[in-house]
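To start, the structure itself, in structure tokens.
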Amino acid sequence: MNHLRRWGPAVLGLLLFAAAGYVLHQQLREVSYREVRATLATLPRTALLTSVVICALNYFLLTGFDLLGFHYIGRKVAWWKVSIASFTGYAISNSVGFALISGTSVRYRFYSRWGLTPGEISRIVLFYFGTFWLGLLVLGGWSMAIDAHPTLSEGWDTAARVGGWALLGSAVAYFTVSVVWRRPIRFLRWSFELPPPGIVAMQFILSTIDWALAAGIFYVLIPRSQLSFADFMSAFLTAQMVGLISHVPGGAGVFEGTMAFLLSGYLTPEQLVSSLVLYRLVYYVGPLGVALMILVADEVRQRRHYFVRWT
1135 MNHLRRWGPA VLGLLLFAAA GYVLHQQLRE VSYREVRATL ATLPRTALLT
1185 SVVICALNYF LLTGFDLLGF HYIGRKVAWW KVSIASFTGY AISNSVGFAL
1235 ISGTSVRYRF YSRWGLTPGE ISRIVLFYFG TFWLGLLVLG GWSMAIDAHP
1285 TLSEGWDTAA RVGGWALLGS AVAYFTVSVV WRRPIRFLRW SFELPPPGIV
1335 AMQFILSTID WALAAGIFYV LIPRSQLSFA DFMSAFLTAQ MVGLISHVPG
1385 GAGVFEGTMA FLLSGYLTPE QLVSSLVLYR LVYYVGPLGV ALMILVADEV
1435 RQRRHYFVRW T
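Counting in the numbering used here, the sequence shown runs from 1135 upward without gaps.
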């Protein structure tokens, strides 16, 4: 049992990565680099600009997770400080993966400096991590239960619907417990209180909008086709869930493989590759570059007395 806990996630990640690699190879083996470049050249600049604007809105909204977390634990820190730390944490964890490790490390760097205890930082981390998943439970559950992807066979379609209702049920259960159970929840040596219903409602709202914006970043980069936003959202959320389960940094390869499988009936391989490349650049590479510059600037600021001494 201990071996299963230790190696299970890693083995699952490798299997998903291998399966995604096989799907990508099958779907994209005849892709022409020249045609991909031609497809990129035909993309309107307004589409790319719109994607960048939506991405900025998305990351701005993500900082609200941490701000709401500070409200939840009853601590006050200037909103702009929290926003900078939050953006940096999200931008790095989105690309590096292992969000509970990478994102927490960045936040600890900033939040401990502002007087928060390790316990308070842990509560904020668990809060934003839970908030992140709530929107996926709602939108992912809805898309799977109500509008399962048409490319799935009957057996997989049924499984998707059952899984979707399970996700929706989990979201409803969380909100219900926050309303009816106001005492601390104890598990072994740990004890924690659920947020009050008002904060839980804000968690659902922020997270749902966050996932819709994240899908919109990609959707506007797709060449015009018969693919509706609802159908795209279903594929996008499924690919994100598979990527998150795999624990591969940024879901690289796993996300692309799942999208290639689910959207094969809507887009040509060249259209899919060009959209995926741009999406990675806009949503991952761009914010990661900004986050690294913030960390460098912060490090220089913290060590400026060393520079002054040696000049």
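Ideal placement from N, C-alpha and C gives every residue a C-beta, glycine not left out.
Given the structure is predicted, the values throughout are model-derived calculations rather than measurements.
- In the DSSP assignment, Ser1185 falls within the unbroken alpha helix (DSSP H) covering Arg1179 to Ile1207.
- For Trp1324, the uninterrupted beta strand (DSSP E) run begins and ends at Trp1324 to Phe1326, by DSSP.
- The continuous stretches of alpha helix (DSSP H) do not include Ile1356, and DSSP gives it neither H nor E.
- When DSSP reads this structure, Ile1319 sits in a beta bridge with Phe1326.
- Nearest to Ala1225 by C-alpha distance, out of Trp1213, Val1240 and Val1211, is Val1240.
- Short of 6 Å from the beta carbon of Tyr1262, and not among the five residues preceding or following it, lie these beta carbons of its own chain, in chain order: Phe1199, Asp1200 and Gly1203.
- In the displayed model, Val1259 falls within a helix according to three-state DSSP.
- Bounds of any alpha helix (DSSP H) do not take in Trp1248, whose DSSP letter is neither H nor E.
- For Leu1361, there is no enclosing alpha helix (DSSP H), as DSSP marks it with neither H nor E.
- Under the three-state reduction of DSSP, Val1211 is assigned to coil, being neither helix nor strand.
- Bounds of any alpha helix (DSSP H) do not take in Ala1386, whose DSSP letter is neither H nor E.
- The beta carbon of Leu1415 lies closer than 7 Å to none in the same chain, with the five residues before and after it left out.
- Of all alpha-carbon atoms in Gly1208, Ala1181, Ser1227 and Val1211, the one lying nearest the alpha-carbon of Leu1196 is that of Ser1227.
- Contact between Tyr1417 and Cys1189 holds, since their C-beta atoms are separated by about 6 Å, short of 8 Å.
- Where Tyr1413 is concerned, the enclosing alpha helix (DSSP H) starts and stops at Pro1403 to Arg1414.
- Between Ala1349 and Phe1366, the CB-CB gap stays under 8 Å.
- The shortest C-alpha to C-alpha distance from Leu1371 to any of Thr1392, Gly1387, Thr1265 and Val1230 is the one to Thr1392.
- Within a 10 Å sphere around the beta-carbon of Leu1340 sit 16 or more other beta-carbons, which makes this residue buried.
- Apart from the 5 residues on each side of it in sequence, Ser1236 sits with its Cβ closer than 6 Å to the Cβ of Ile1226, Ser1227 and Val1230 in its chain, given in chain order.
- Judged by DSSP secondary structure, Arg1435 falls within the alpha helix (DSSP H) whose first and last residues are Gly1420 to Gln1436.
- Across the structure, Ser1362 and Gln1337 are spaced so that their CA atoms are roughly 27 Å apart.
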